[in-house]
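Be aware that the first sequence starts at 16, since it is given in this note's numbering, and climbs by one per residue. Backbone N, C-alpha and C define an ideal beta-carbon position, used for all residues, glycine too.
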Amino acid sequence: MPLQEIRHAAARAISDALASAFDTDTGPVILEVPPGRHLGDLAWPGALPLAKVLRQSPRRIAETVVSAAAWPPEVARVEIAGPGFVNLFLDRGRLLAKLLVPGPEEAGAPRDKIVVEHTNINPNKAAHIGHLRNAVLGDILVRCLRHLGHPVEVQDYIDDTGVQVADVVAGVLYLPERDVASALGQEPASREELLDAFVSRLPQSTVPEPSTTDFDDLCWDLYPQVTARYESEPEFLGHRTEVLRAVEAGHGGLDLEESVFTLGRAASSGETYPQRAVARLAAAVAEGNMRCHLATMARLGIGYDLLPHESDILALGFWRRAFELLKEAGAIRKETAGKNAGCWVMSLASSPEFADMDDPDKILVRSNGTVTYTGKDIAYQLWKLGLLRDPSGTRHDFGYDIFAHWRQATPAAPVEYCGRSGRLLARTRPDPSRQIFGREYGNGRQVYNVIDVRQSYPQKVVREAVRVLGHPRAADRSIHFSYEMVALTPAAVRLIEARTGVSFGLDEEAMSKSYVEMSGRRGIGVKADEFLDVLSAQAEDAVRSRTAPDAASVNVRARARAIAVGALRYLMARQSRNRVLAFDFDEALAFEGDTGPYLQYSAVRAAKIFTKLAARRGEGMVESEEAASLQEAEIPDDLWGLVLECARRREIIGQAVDTLEFSLLAQHAHNLAQLFHKLYHVHPVLPEEDEALRRLRRAVFTVFVREMRSLLEELLGIPVPEEM
RNA sequence: GCGCCCGUAGCUCAGCUGGAUAGAGCGUCAGACUCCGGAUCUGAAGGCCGCGCGUUCGAAUCGCGCCGGGCGCACCA
16 MPLQEIRHAA
26 ARAISDALAS
36 AFDTDTGPVI
46 LEVPPGRHLG
56 DLAWPGALPL
66 AKVLRQSPRR
76 IAETVVSAAA
86 WPPEVARVEI
96 AGPGFVNLFL
106 DRGRLLAKLL
116 VPGPEEAGAP
126 RDKIVVEHTN
136 INPNKAAHIG
146 HLRNAVLGDI
156 LVRCLRHLGH
166 PVEVQDYIDD
176 TGVQVADVVA
186 GVLYLPERDV
196 ASALGQEPAS
206 REELLDAFVS
216 RLPQSTVPEP
226 STTDFDDLCW
236 DLYPQVTARY
246 ESEPEFLGHR
256 TEVLRAVEAG
266 HGGLDLEESV
276 FTLGRAASSG
286 ETYPQRAVAR
296 LAAAVAEGNM
306 RCHLATMARL
316 GIGYDLLPHE
326 SDILALGFWR
336 RAFELLKEAG
346 AIRKETAGKN
356 AGCWVMSLAS
366 SPEFADMDDP
376 DKILVRSNGT
386 VTYTGKDIAY
396 QLWKLGLLRD
406 PSGTRHDFGY
416 DIFAHWRQAT
426 PAAPVEYCGR
436 SGRLLARTRP
446 DPSRQIFGRE
456 YGNGRQVYNV
466 IDVRQSYPQK
476 VVREAVRVLG
486 HPRAADRSIH
496 FSYEMVALTP
506 AAVRLIEART
516 GVSFGLDEEA
526 MSKSYVEMSG
536 RRGIGVKADE
546 FLDVLSAQAE
556 DAVRSRTAPD
566 AASVNVRARA
576 RAIAVGALRY
586 LMARQSRNRV
596 LAFDFDEALA
606 FEGDTGPYLQ
616 YSAVRAAKIF
626 TKLAARRGEG
636 MVESEEAASL
646 QEAEIPDDLW
656 GLVLECARRR
666 EIIGQAVDTL
676 EFSLLAQHAH
686 NLAQLFHKLY
696 HVHPVLPEED
706 EALRRLRRAV
716 FTVFVREMRS
726 LLEELLGIPV
736 PEEM
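What follows is the structure, given as structure tokens:
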């Protein structure tokens, strides 16, 4: 933040000087960071391109600017270098002192709410590492926005009426008993008994303990069996349709136990399954998986504010209203002929973005009258933006109730669901009269949808729908935060096959590519909880090998968990978002080099200096009173480099949010850690007898420790363990 | 076919709103403190920045055209 201010002030000084010295518009002034410390702390190369316009040598322009500019007090010295670069040298002591004084966070005007939707895992199987990329990126976005002072509402959308949930239900109800039994890990039994066994695996608490043998893992095993069946026996697809139809009709609040009983009885007597009971089972499957997903994300310190359910979007007629609005706006039409006959389609021909498409129409209502996902998503998006309204202007809204409360001990600690206090996690309800006192959901001024790049096209359609409904500005504020998928390296695939004894049957061509796409349908993937367990175990070994054997009391588990989360989150964050992340076990399990633990280690090590310092010299971190005495300090280049870098947080965050490129933030943190590690050996604090020198080092490391902790824990969500 | 993304060291990736010597990590090789933790640090080797043309005082960065790879263009989500 301080550097950003100085940058603005210096840029203004230059543009004022330009304005007074020359009579033409010279464009915006951009200051950059020069390539070497000897070239200053900030640089303006603008004299070079101006040379032609002003018909003067760039050097002369630079001289004119330098002598005319009223530099802010933070600028200590200005030099002109090379062909005409203007290099600014900052007042080092002054900036260091400033960084040590906790600055007043600028309050600013109250800001509008931002809605961020992320995670959104299909509630029909366990989360895999691809889902983690979504959740981690979404979570970091949320953390950054909040850091910048925005109120943010985090939504995890639950697609509880989709095909994938129906597939799992179809599996339990119709797959041969022996297949269901094998997924359950038990001996073959009657359908009735299997149904009981299946339901008994549902999570027993609001959010269960994370596990790799949980309900979502059971579904993970069952689901591929169903999809395989569809391929070998196409008639089996009829069961999917049947379940979907039941889900769409709703269960009307039927009791789960009763439903299971009815289903079991129907199975043993050979009757058809009663629709409402099927729907109830489907709801239980979705909810069971959702709870497991919350548990997985909790490990990573990721929590939410609201769980909007697709079933509620349908039940509350959100689509019906959106449909009316679209019809009124003339944005959709019913096809009477051609391949889309009988469907309601949205024409995209008039928008330039879609103009070149072969078929610029997108189906929103199928010929059988059901709504496509894109249709529902339009309704949901309108609600998120507060634009789903009656003719009278009243906002259409969900019913709500409290799903859980949660808290975190520190910003990056695991989320704990417990008790009746803490942050509130709400879920939507089909009864709009149910509201939570003092809470309003949706109605965001800006909306981020964190969804992988493969859904760019439907996301564009949603945005276009908002636009043609007369809300071009809102459409611009509907942002698709897209990122590339996580895939597996062939080596990773082979390893999973070897470990599980299951062959995915991939051909030679697929295995010769640089990566293999994960597929829930085929069961190809690395489960999130499983991977976190492996990481934790690995970290635990590492911690034990480094801890003195007599220190038995230390909480090795907690440290290992912090390291595992650090490694994972950094892995997900460091790569730029539009590159496929090819997951490789060796690389992902590395704790050295460009990894999360490297960053954590720098913070732990720096903090350790201060605990030793307190014990041996009775000195602590440099606080505001002592900071003033550093104003005149001579700060050598290397220490200064670290200080200057620490001052850049605000502009890095700003850039990361603007570009949705959080690898910038990860790199920045890595850069800081690297600078620190280099200085560490050269500038010892503890043994230094010169008090002034010791104070300077203490001051620099104070800035570093605080900055690093903030970057890691608050922004990247990477916990800093006590020791590691 | 149309659209989007990627192509930089042996491998994995930074750098891209044009700027001053193209950077990390892994791997390879050679080293480091009786001293705040070696999950660290120092050094070496390793680059027609996919290819070509153009714009510019200046291009890894911008434009056009190729080549190679991926994804999307469903009455799936």
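Within 8 Å, do at least three Cβ pairs link the region 445-460 to the region 410-424? yes
Report buried or exposed for T311, applying the criterion of at least 16 other Cβ atoms within 10 angstroms of its Cβ. buried
DSSP-derived helix/strand/coil call for W86: coil
Return the bridge partner residues of I539 from the DSSP annotation. S534
Top-ranked residue by Cα proximity to V101, from D56, V293, R255: D56
Under a three-way DSSP split, which group does L439 fall into? strand
What are the start and end residues of each continuous beta strand (DSSP E) run of 3 or more residues lying completely inside the region 395-430, in chain order? 414-422
Please state if the CB of L657 and the CB of I667 are separated by a distance shorter than 8 Å. no
I'd like to know whether the C-beta atoms of Q766 and R589 end up nearer to each other than 8 Å. Given that the chain is displayed from residue 16 to residue 739, the structure contains no residue 766 and the question cannot be resolved.
Can you tell me whether DSSP reads L217 as helix, strand or coil? coil
Would you say A28 and A642 are within 8 Å of each other, going by their C-beta atoms? no
For V258, count neighbouring C-beta atoms within 10 Å of its own C-beta (all shown protein chains included) and say buried if the count is 16 or more, exposed if not. buried
Taking Cβ to Cβ, would you say E431 is nearer than 8 Å to L321? no
Out of V531, A427, L199, which has the shortest C-alpha to C-alpha gap to L596? V531
Using DSSP bridges, identify the partner residues of L496. In the sequence as displayed, the identity of residue 496 is Phe instead of Leu. In the DSSP output, where bridge partners are listed per residue, F496 has V465.
Taking A684 and L614 to be in contact with their CB atoms under 8 Å, please state how far apart those CB atoms are, rounded to whole angstroms. 5 Å
Which same chain residues, not among the five before or five after F677, have their C-beta less than 6 Å away from its C-beta? I155, A588, A671
Cα separation between R314 and R148? 14 Å
Residues near A24 in its chain [Cβ-Cβ closer than 6 Å; skip 5 each side]: P87
Taking 8 Å as the cut-off, decide whether the C-beta atoms of Y172 and N135 are in contact. yes
For H266, name the three-state secondary structure that DSSP assigns. coil
Bridge-paired residues (DSSP) for A557: Looking at the DSSP assignment, A557 forms no beta bridge with any residue, so it has no partner.
DSSP three-state assignment for H133, whether helix, strand or coil: coil
Beta carbon of W398 nearer than 8 Å to that of F496: no
List, from N- to C-terminal side, the beta strand (DSSP E) runs of 3 residues or more that fit wholly inside the region 291-369. 347-349, 359-362
Counting pairs of Cβ atoms below 8 Å between the region 59-66 and the region 88-100, do you hit three or more? yes
Between the Cα of I466 and those of R449, E499, R665, G453, spot the shortest distance and give me the residue it belongs to. E499
Sequence-distant residues of the same chain with beta carbon closer than 8 Å to L484, five excluded per side: L340, L341, A344, A346, L397, L402
Any idea if P429 is buried or exposed, counting beta-carbon neighbours within 10 angstroms, 16 or more meaning buried? buried
Sequence-distant residues of its chain with Cβ nearer than 7 Å to T79 (five each side left out): A36
Supposed contact pair I650 and G108 - C-beta distance, whole angstroms, cut 8 Å: 7 Å
Coarse secondary structure for K67, derived from DSSP in three states: helix
Taking 8 Å as the threshold (C-beta atoms), are R442 and H324 in contact? yes
The beta strand (DSSP E) spanning F100 covers which residue range? 100-105
Can you give me the C-alpha to C-alpha distance between I76 and E634, rounded to a whole angstrom? 50 Å
Measuring straight from C-alpha to C-alpha, what distance separates P487 and L400? 12 Å
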